[in-house]
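Position in the sequence shown (from 1) plus 42 gives the number in the numbering used here.
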Amino acid sequence: MKFSIKNNVLNEALKNLNRVVPTRTTLPVLSSVLFSSDGEKLSLRSTNLEVSLEYVLSAEIIEPINIAIPISKIFSITSALKNETLSFSISDNEKIEIKTDFGRYKIVGLSPENFPDAVEIEAEEKTNFSTEDLESFINYTINSTSTEDLKPSLQGICLSTDETKTEFVATDGHRLSKITTKQNNQTAKKIIIPTKFFKILNPFLNSNEQIDLILGENHAQVFLKGIKISTRLIKDAYPDYEKVIPKNNDKEVLVSTKKLIDSLKRVSVFSNKKTKQTNFLFSENKIEIKAEDVEASTSAAEKVECNYIGEESVVAFNAEYLKEMLEKTETQKTKIIFKNNHSAVLILPEEQNQHQKISLLMPIRIS
């Protein structure tokens with residue numbers, strides 16, 4: 043087996059393939075990248091059994107290729123080399139020799155027999171987005187996904203479609219983010235796509251073009267820029283999120299998004315390091331923001347102007363969660379709509395565009 047390829051092309055692919063390779067695994071072959079050839083094209087694929095990433099690269103294929111190469115070794119080599127041609131020679135017992143104009147490097151590969159098969163989606167449906175919109179949908183929702191293994195359904199973004207709209211929803215039980223866009227779809231569908239898939243996809247969405255999200259019974263897939271990203275779907279039931287979005291919150295605050303974020307950044311420095319609790323005292327046309335770390339004997343307080351007419355109320359938030367939601371509104375002013383200090387609070391942009399945004403945050407109980 044022989045081929046040659048430019049180092050900068052190979053190294054860029056390996057850098058992204060390495061993001062999929064699991065850091066710990068009981069299957070040694072998953073720590074490798076599968077190299078295979080099809081005519082004059084070289085295919086590189088990595089997987090963690092949930093998400094897989096495949097590159098198709100131009101290379102000089104001298105003899106057909108099919109071998110798994112440990113990514114730690116090959117990526118260390120390509121990262122240390124400049125833009126030169128690498129010539130690979132692979133023996134029948136998986137011994138690999140890599141030559142450049144001035145050097146020679148020997149490593150050992152693995153048999154490709156145990157490498158997981160590529161995903162093939164049958165009976166597929168396609169949902170089309172611009173890369174700009176898809177990136178916006180991901181960024182709005184992804185921070186609200188859960189990292190707890192005990193709640194697998196919350197470790198992904200729920201994609202819900204009907205004939206007229208598409209929704210992206212994420213929640214971890216403490217916060218929820220939903221973005222809705224008008225879109226003509228063939229059928230109604232509700233699936234859960236793992237967060238890992240979107241984290242791998244997101245860096246590739248930096249150009250303005252159209253992309254198809256291909257949906258199957260058990261998998262989802264995208265093709266973009268000579269790459270294919272595939273994932274298993276999470277098959278658990280997703281919570282009925284519409285039931286938890288409050289419809290009768292009666293207190294509304296309108297505030298400068300930037301001023302509130304800036305104040306929150308300063309005051310939250312003095313909050314409890316674990317809870318990030320920051321108290322908001324809402325009174326006529328102002329918010330007093332307070333934080334205290336009793337153990338460190340530190341505290342801070344600031345006032346921010348706002349539009350609010352109503353009874354004086356105190357609501358406590360996790361400062362990091364609130365700051366993330368404020369940043370995602372992407373409008374000059376933000377609406378904070380609440381009922382009391384223990385019910386879900388809505389965080390909305392002052393004006394909605396073609397993508398309707400709703401964020402929900404549960405307050406921290408004030409003892």
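Yeah, the Cβ is synthetic: ideal placement off N, Cα and C, and Gly gets one too.
For residue i, which residues from the same chain have a beta carbon less than 8 angstroms from its beta carbon, with the 5 sequence-adjacent residues on both sides left out?
i    : result
T67  : S73, N90
S178 : I221, H397
K316 : none
S313 : Q319, T320, A333, E334, D335, A361
K300 : Q374
I287 : L218, K220, A386, L388, I400, L402
A55  : L86, Y97, L99
N181 : N244, K370
S188 : L196, Q197, T213, D214, G215
K377 : E294, V295, L296, L388, I389, L390, P391, E392
S310 : K318, T320, A333, A361, E362, K365
K231 : E167, L201, S202, T203, L257
Would you give the residue range spanned by the alpha helix (DSSP H) that residue i belongs to?
i    : result
D304 : 299-310
V346 : Per DSSP, V346 belongs to no alpha helix (DSSP H); it is in the beta strand (DSSP E), 340-347.
F117 : 113-122
A55  : 49-59
May I ask which residues mark the beginning and end of the beta strand (DSSP E) holding residue i?
i    : result
T320 : 319-325
T142 : No beta strand (DSSP E) holds T142; DSSP gives it neither H nor E.
L72  : That residue, L72, is in no beta strand (DSSP E); it is neither H nor E in DSSP.
V264 : 261-266
T89  : 83-89
Short of 7 angstroms in beta carbon distance, which residues of its chain neighbour residue i, apart from the five on each side in sequence? Order them along the chain.
i    : result
I351 : E326
Q228 : E167
E412 : This structure does not reach residue 412, given that the chain is present from 43 up to 409, and the question cannot be answered.
L176 : L247, I253
I242 : R61, V62, V93, L95, I271
Q225 : K207, T208
I269 : L95, E96, Y97, F246
Identify whether residue i lies in helix, strand or coil by the three-state DSSP scheme.
i    : result
Y363 : helix
G294 : Looking at the sequence shown, residue 294 is not Gly but Glu. Three-state DSSP puts E294 in a strand.
V98  : strand
K277 : coil
S133 : coil
N156 : helix
K285 : helix
H216 : coil
Q396 : coil
E334 : strand
I329 : strand
E209 : strand
I269 : strand
E126 : coil
E167 : strand
S79  : strand
V62  : coil
S401 : strand
V161 : coil
S313 : coil
I107 : coil
I408 : coil
Excluding sequence positions up to five away, which residues of its chain have a Cβ less than 6 angstroms from the Cβ of residue i?
i    : result
V211 : C200, K220, Y283
T223 : T208, H397
K399 : I221, P391
N156 : V71
E353 : none
T169 : L255
Pop quiz: residue i and residue j are said to be a contact at Cβ under 8 angstroms. What is the actual Cβ separation, rounded to whole angstroms?
i    : j    : result
V356 : F322 : 7 angstroms
S94  : V63  : Rounded, the Cβ-Cβ distance is 10 angstroms, inconsistent with contact.
N49  : L123 : 5 angstroms
F380 : K285 : Contact doesn't hold; Cβ gap of about 18 angstroms is too wide.
I276 : Q197 : 7 angstroms
I109 : I132 : 6 angstroms
K328 : E344 : That pair is no contact at about 10 angstroms.
I234 : D278 : 7 angstroms
E136 : S153 : 6 angstroms
T127 : S46  : 6 angstroms
4-residue-minimum alpha helix (DSSP H) runs that sit fully inside the stretch 224-259, ordered along the chain:
237-243
Considering only residues of the stretch 173-203, which uninterrupted alpha helix (DSSP H) runs meet the minimum length of 4 residues and lie entirely inside it, listed in chain order?
173-183
3-residue-minimum beta strand (DSSP E) runs that sit fully inside the stretch 350-394, ordered along the chain
355-360, 375-380, 387-391
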